[in-house]
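Numbering (our numbering), first residue to last: 258 to 577.
Here it is as structure tokens:
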């Protein structure tokens with residue numbers, strides 16, 4: 258995987274709603290309300306994941322990790338965490354970078370006592386980026402190492418996605434599948450600008466050139482999205498070894514017809530059957546149910562986060 262520097266994100270699409278600007282005190286109050294609301298809304302999750310060397314690579318630079326706290330206060334404040342990372346760099350540096358990123362992001366995110374999921378995720382990404390960047394500068398063998406990161410925090414009935422690089426998050430609802438994250442890659446930029454078609458992008462020799470990663474620069478800008486979830490939804494997190502081999506329809510059909518463990522296995526097998534040109538990682542997170550207690554049905558609790566008639570993906574942009 259190659260790296261090209263970029264500092265300005267491109268956000269397009271009619272389904273994206275940028276959050277309105279609020280004063281810090283107002284934001285803090287809203288996040289406190291959401292954490293209170295989350296004490297009464299409990300997602301029931303079934304998760305499975307697999308990572309594979311593929312058919313070409315000599316080592317696996319992909320990693321996945323997750324954290325499912327049982328303490329009800331931590332759950333209400335911070336939610337459940339799931340992530341994949343795809344490392345890059347010689348001398349096994351990619352393996353180190355992806356592992357460093359996941360461990361650090363989880364640690365810093367859960368050590369932050371703030372109920373502000375977006376701010377906490379962003380600060381955790383900043384911290385992990387600095388850790389990897391500093392290590393790459395100090396150790397010659399790790400020079401140039403970096404990693405993608407695609408993660409989701411599920412709290413109550415909202416999923417918060419953080420994105421750096423070209424790993425992906427999909428949401429499957431019924432027979433529909435939708436990519437939630439946006440690739441930070443050169444070809445994705447060309448497609449968004451209308452310069453290149455999806456088919457041309459799929460065949461481009463530059464499809465592995467990414468424009469953002471953890472560890473490449475002293476500061477990185479993550480994208481953060483929020484999505485309302487429903488019982489029966491499935492979230493798929495994957496590295497480009499999977500998304501580069503299988504179409505969205507392929508992914509949907511394999512996931513929809515199987516239990517999470519079988520689906521993860523079948524996705525890996527299908528990608529290997531298509532050549533397995535890269536490491537392959539798939540994480541399947543199924544929202545089995547969303548249980549609301551009596552307090553959640555009260556107007557005071559339930560309406561703290563009013564939902565629009567037409568759900569939109571909310572883009573939070575750059576939070577410090």
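For every residue, glycine included, the Cβ atom is placed at its ideal position computed from N, Cα and C.
Cα-Cα separation, residue 294 to residue 331: Taking the first residue of the chain shown as position 1, residue 294 is located at position 37. Taking the first residue of the chain shown as position 1, residue 331 is located at position 74. Looking at the two C-alpha atoms, the distance is approximately 13 Å.
Buried or exposed: residue 473, going by 16 or more other Cβ atoms within 10 Å of its Cβ? Residue numbering aside, residue 473 sits at position 216 when the chain shown is read from its first letter. By the neighbour-count rule (16 or more Cβ atoms within 10 Å), residue 473 is buried.
For a quick check, are the C-beta atoms of residue 513 and residue 411 less than 8 Å apart? Taking the first residue of the chain shown as 1, we reach residue 513 at position 256. Taking the first residue of the chain shown as 1, we reach residue 411 at position 154. Not in contact: residue 513 and residue 411 (Cβ atoms no closer than 8 Å).
8 Å Cβ cutoff, residue 513 in contact with chain D: In summary, chain D is missing from the structure at hand, where a single protein chain is found.
Exposure label - residue 396; buried when at least 16 CB within 10 Å: Counting from one through the chain shown, the residue named residue 396 turns up at place 139. So residue 396 ends up on the exposed side.
Check each candidate in 425, 373, 391, 435 and name the one with the smallest Cα separation from residue 506. Here residue 506 refers to the residue found at position 249 of the chain shown. Of the candidates 425, 373, 391, 435, the one whose C-alpha sits nearest the C-alpha of residue 506 is 435.
Proximal residues to residue 371 (C-beta, below 6 Å), its chain only, five neighbours per side dropped: Looking up residue 371 in the chain shown gives position 114. Only 377 meet the Cβ criterion.
Could you give the DSSP three-state label for residue 286: helix, strand or coil? One-based indexing of the chain shown puts residue 286 at position 29. Helix, per DSSP.
Does the Cβ-Cβ distance between residue 542 and residue 363 come in under 8 Å? By one-based count along the chain shown, residue 542 stands at place 285. By one-based count along the chain shown, residue 363 stands at place 106. Against a cut-off of 8 Å, the Cβ pair of residue 363 and residue 542 comes out as no contact.
Candidates 418, 495, 471: closest to residue 486 by CA position: As a working note, residue 486 is residue 229 in the chain shown. Out of 418, 495, 471, 418 has the C-alpha closest to the C-alpha of residue 486.
Quick one: measure Cβ to Cβ for residue 477 and residue 382, integer angstroms, because I've assumed they're closer than 8 Å. Translated into positions along the chain shown, residue 477 becomes position 220. Translated into positions along the chain shown, residue 382 becomes position 125. Contact holds; Cβ gap of about 7 Å.
With 16 other CB atoms within 10 Å as the buried threshold, where does residue 432 fall? Within the chain shown, residue 432 is the residue found at index 175, counting from 1. By the neighbour-count rule (16 or more Cβ atoms within 10 Å), residue 432 is not buried but exposed.
In angstroms, rounded to a whole number, what distance separates the CA positions of residue 267 and residue 551? For the purposes of this step, residue 267 is identified with residue 10 of the chain shown, where counting begins at 1. For the purposes of this step, residue 551 is identified with residue 294 of the chain shown, where counting begins at 1. A caution first: residue 267 carries a pLDDT of 38, below 50, which makes its placement in the model too unreliable to give a value.
May I ask you to verify whether the region 304 to 323 touches the region 489 to 504, counting CB pairs closer than 8 Å and requiring at least 3? yes
Helix, strand or coil at residue 363 [DSSP, three-state]: For the purposes of this step, residue 363 is identified with residue 106 of the chain shown, where counting begins at 1. Three-state DSSP puts residue 363 in a helix.
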